[in-house]
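Here the structure comes first, spelled out in structure tokens, and everything after it is commentary.
Residue numbers (this note's numbering): 3 to 128.
What follows is the structure, given as structure tokens:
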């Protein structure tokens with residue numbers, strides 16, 4: 003009877019070890035469930051992204067409105083009958099403007115180079 007009891011206890015210990023630490027253990031099942039949840043969440047995210055891309059492709063294939071919208075937003079294009087206004091904020095720096103009197107400073111179209119640095123004017127070497 004003692005041998006049978008010892009054999010049953012050894013079998014119980016072996017089965018418990020396999021249940022908690024062996025192949026197909028509780029830990030492994032839990033880890034696989036967590037991986038499955040993460041994979042499902044990634045799959046849902048990617049399906050939503052694919053649907054958005056499919057809708058964009060359909061818009062681009064169906065008409066010029068989507069192409070025009072994309073050209074305006076990404077390339078900054080405007081229509082030929084439109085006027086483009088750009089508002090630029092001025093700096094709070096000294097606003098004095100001086101022209102440089104350097105030989106060759108005048109460009110081909112008559113414009114002169116302007117010094118906005120605030121430094122003293124440079125006298126040309128002659």
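Virtual Cβ for every residue (Gly too), placed ideally from N, Cα, C.
Assuming residue i contacts residue j under a Cβ cut-off of 8 angstroms, what Cβ separation, rounded to an integer in Å, is found between them?
i: residue 34; j: residue 28; result: Their Cβ separation, rounded to whole angstroms, is 11 angstroms, which puts residue 34 and residue 28 out of contact at 8 angstroms.
i: residue 62; j: residue 68; result: 5 angstroms
Which of the three DSSP states is assigned to residue i in this structure?
i: residue 88; result: coil
i: residue 82; result: coil
i: residue 3; result: coil
i: residue 27; result: coil
i: residue 50; result: helix
i: residue 65; result: coil
i: residue 93; result: coil
To the nearest angstrom, report how far apart residue i and residue j are at their CA atoms.
i: residue 80; j: residue 45; result: 39 angstroms
Determine the closest residue to residue i out of the options, with distance taken between C-alpha atoms.
i: residue 86; options: 92, 59, 74; result: 74
i: residue 82; options: 55, 92, 26, 70; result: 70
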